[in-house]
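Numbering (full-length UniProt numbering), first residue to last: 1 to 535.
By construction, the Cβ of each residue, glycine as well, lies at the ideal position given by its N, Cα and C atoms.
Being a predicted model, the structure only gives us computed values, none of them experimental.
Following: one structure in structure tokens, then a few remarks.
Structure (structure tokens):
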């Protein structure tokens, strides 16, 4: 009985493989290593690391090894031909995650693989990126099926789990935000379009999908949350020892609003409001959350900019109505998010139509939502009808998706929830792999999110192009960091995502460089990068 922790992209050289198989002879180790390469369970890291074993050599040796094995009668299909673990992983690699376009083994979803060859039993855990994954049941069913098809397997046990809630980059975040995976802004930049209705119903839809969710009502001047939900405890409590805020809760969703602070609606100037919002959001004990939905206040002023800069927003959902007047304000909000590198993943057009006497009527006109989609390239559009029940649920203290989970409105919000989950997963994947250091090539690999372009940069070039005050005089623009100050063989110690717009690179001298994607795209690139010799 053996236990294997499946890595997402293992790298192994032939020399390393042979030394890890002390009981196997050179021929056996070589054959197994080549099979591992062809099955995708390991990859050559580079020609240099492979101690001279390049891909052409691998293919030529494979034919001789296979021929020799055939002459020895070693071609019978059996567990001994390949390890049982590699057979299971190869079977599971047939399952492709539609969001990432990669198999679940390469994505690193397979954990705690346990194989008992004598009993024919296999068990493992699939750790998904979010408990709200809309296709988790499909993953579980397919995993059972593909492994059960192996001739020696008699019993398969699959358990499902989700990754621990944490942001892509938690290094400099306030303690209260360090255990939140995704922060979603619901915005319209115009009042009265149903933004709070969308935010609350989206949050409860995500909770119904299995996620841990919180709602932050960022409108201090006119908080809506106390009217739209009915928690037992309607006053926020303070943890005097930690000096933190304990959120109230309704039907499993954590809630924070200035309306729960016992103050009602605020009458104060902008700078004070920004401070209140910052305190409410960052000092709250949110705990582990998969999604925090922020109900943004109208406008594009201090409060909105403070939220976007203090909080690492994963994505934004835009709410509008069919009128042209709504589109004008919404366009300002989309441009604000674009400048702050926050991707807008969906548009919700509220109050777009109603049905009566067998006909569909559009009392406010048509086209605002589709105009936002076309002009700004936002991929998904959702229509919400004029329904008395939806309006009444906002006043009753029970969200519509909770009051009528099978209704037309709930179905639209379920589609929106699936969209948000999928888009957030894609964004996290793109950002986490956008910039990395390839030690075999000694080059920084860059693939900017939402771009098919991939290129390499020399580490010294990146370090020499730092534009911070430590490298460039802020007043005169004079270059303080000289070319000769940076050695050609410098290597980064760590590269971490910084929001959706940049990475933070730690260098051996202790300097932390902020490198925006836009700046990296303008740097001189490496033209020739070592590659494996093709067959």
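Contact check, residue 216 vs residue 236, beta carbons under 8 Å: Here the question's residue 216 lines up with position 216 in the chain shown. Here the question's residue 236 lines up with position 236 in the chain shown. No, Cβ-Cβ distance for residue 216 and residue 236 is not below 8 Å.
The segment 279-296 / the segment 170-185 touching (three or more Cβ pairs under 8 Å): Contact holds: three or more Cβ-Cβ distances are below 8 Å.
Sequence-distant residues of its chain with Cβ nearer than 6 Å to residue 345 (five each side left out): Position 345 of the chain shown, counting from 1, holds the residue named residue 345. Sequence-distant Cβ neighbours of residue 345 in its own chain, meaning closer than 6 Å and more than five residues away, are 315, 423.
Exposure label - residue 328; buried when at least 16 CB within 10 Å: The residue given as residue 328 occupies position 328 in the chain shown. Exposed, because fewer than 16 other Cβ atoms sit within 10 Å of the Cβ of residue 328.
Proximity test, residue 303 beta-carbon vs the ligand NAP heavy atom, cut-off 7 Å: Of ligands this structure carries none, so the ligand NAP is not represented either.
Beta-carbon spacing of residue 126, residue 139 below 8 Å: For the purposes of this step, residue 126 is taken as residue 126 along the chain shown, with counting starting at 1. For the purposes of this step, residue 139 is taken as residue 139 along the chain shown, with counting starting at 1. Their beta carbons are under 8 Å apart, which means residue 126 touches residue 139 by this criterion.
With 16 other Cβ atoms within 10 Å as the buried cut-off, status of residue 431: Indexing the chain shown from 1 puts residue 431 at position 431. So residue 431 ends up on the buried side.
Residue of 254, 322, 364, 273 minimising C-alpha distance to residue 372: Residue numbering aside, residue 372 sits at position 372 when the chain shown is read from its first letter. The alpha carbon of residue 372 has as its nearest neighbour, out of 254, 322, 364, 273, the alpha carbon of 322.
Helix, strand or coil at residue 578 [DSSP, three-state]: Any question about residue 578 goes unanswered here, given that the chain covers just 1 to 535.
Span separating the alpha-carbon of residue 359 from that of residue 385: Taking the first residue of the chain shown as 1, we reach residue 359 at position 359. Taking the first residue of the chain shown as 1, we reach residue 385 at position 385. Rounded to whole angstroms, the gap between the alpha carbons of residue 359 and residue 385 is 13 Å.
Cβ-based neighbour list, residue 123, same chain, cut-off 6 Å, excluding 5 preceding and 5 following: On the chain shown, residue 123 is found 123 positions in, with the first residue counted as 1. These residues qualify, in order along the chain: 114, 157.
For residue 239, three-class secondary structure by DSSP: Working through the chain shown from its first residue, we reach residue 239 at position 239. Residue state, collapsed to three classes: strand.
Per DSSP, the bridge partner or partners of residue 225: Start at 1 with the first residue of the chain shown, and residue 225 comes out as number 225. Within the DSSP bridge table, the entry for residue 225 names no partner.
Rounded straight-line distance, which links the Cα of residue 120 to that of residue 380: Within the chain shown, the letter at position 380 stands for residue 380. Within the chain shown, the letter at position 120 stands for residue 120. Taking the straight line joining both Cα atoms gives about 46 Å.
8 Å contact criterion, which residue 99 and residue 426 should meet: CB distance rounded: Along the chain shown, read from residue 1 onward, the residue named residue 99 stands at position 99. Along the chain shown, read from residue 1 onward, the residue named residue 426 stands at position 426. With a contact defined as Cβ atoms closer than 8 Å, residue 99 and residue 426 qualify at about 5 Å.
Euclidean distance between Cα positions of residue 471 and residue 518: Working through the chain shown from its first residue, we reach residue 471 at position 471. Working through the chain shown from its first residue, we reach residue 518 at position 518. The straight-line gap from Cα to Cα measures roughly 18 Å.
C-alpha distance - residue 333 paired with residue 302, whole-angstrom precision: Locating residue 333 in the chain shown gives position 333, counting from the first residue. Locating residue 302 in the chain shown gives position 302, counting from the first residue. Those two C-alpha atoms are separated by around 13 Å.
Test item: CB-CB of residue 377 and residue 230 under 8 Å: Position 377 of the chain shown holds residue 377. Position 230 of the chain shown holds residue 230. The answer is no: Cβ separation not under 8 Å.
Bounding residues of the alpha helix (DSSP H) (the contiguous stretch that carries residue 148): Position 148 of the chain shown, counted from the start, is the residue given in the question as residue 148. In the DSSP assignment, residue 148 falls within the alpha helix (DSSP H) that extends over 136-148.
Collapsed DSSP secondary structure at residue 278 in the structure displayed: Here residue 278 corresponds to residue number 278 of the chain shown, with the count starting at 1. Note: residue 278 maps to helix in three-state DSSP.
CB contact flag (residue 433, residue 447, <8 Å): Counted from its first residue, the chain shown places residue 433 at position 433. Counted from its first residue, the chain shown places residue 447 at position 447. Contact annotation: residue 433 and residue 447 have beta-carbon atoms nearer than 8 Å.
Host beta strand (DSSP E) of residue 155 (start-end): Here residue 155 corresponds to residue number 155 of the chain shown, with the count starting at 1. Looking at the DSSP string, the run of the beta strand (DSSP E) that includes residue 155 is 155-162.
Residue 488 burial status per 10 Å Cβ neighbour count (16 or more: buried): Here residue 488 refers to the residue found at position 488 when the chain shown is read from its first residue. Around the Cβ of residue 488, a 10 Å sphere holds fewer than 16 other Cβ atoms; the residue is exposed.
Supposed close pair residue 390, residue 205 - CB separation, criterion 8 Å: If you number the chain shown from 1, residue 390 lands on position 390. If you number the chain shown from 1, residue 205 lands on position 205. Not confirmed; about 13 Å, so no contact.
From 511, 394, 520, 506, residue whose alpha carbon lies closest to that of residue 455: Residue 455 sits at position 455 when you count from the first residue of the chain shown. Closest option to residue 455, Cα to Cα, is 520.
8 Å Cβ cutoff met for residue 343 and residue 500: Within the chain shown, residue 343 is the residue found at index 343, counting from 1. Within the chain shown, residue 500 is the residue found at index 500, counting from 1. Their beta carbons are under 8 Å apart, which means residue 343 touches residue 500 by this criterion.
Length of the line joining the Cα atoms of residue 135 and residue 143: What you label residue 135 is simply residue 135 of the chain shown in a count that begins at 1. What you label residue 143 is simply residue 143 of the chain shown in a count that begins at 1. Whole-angstrom Cα-Cα distance: 12 Å.
Range of the contiguous beta strand (DSSP E) that encloses residue 128: If you number the chain shown from 1, residue 128 lands on position 128. The continuous beta strand (DSSP E) containing residue 128 extends over residues 121-128.
Beta-carbon spacing of residue 201, residue 413 below 8 Å: Numbered from its first residue, the chain shown carries residue 201 at position 201. Numbered from its first residue, the chain shown carries residue 413 at position 413. Against a cut-off of 8 Å, the Cβ pair of residue 413 and residue 201 comes out as a contact.
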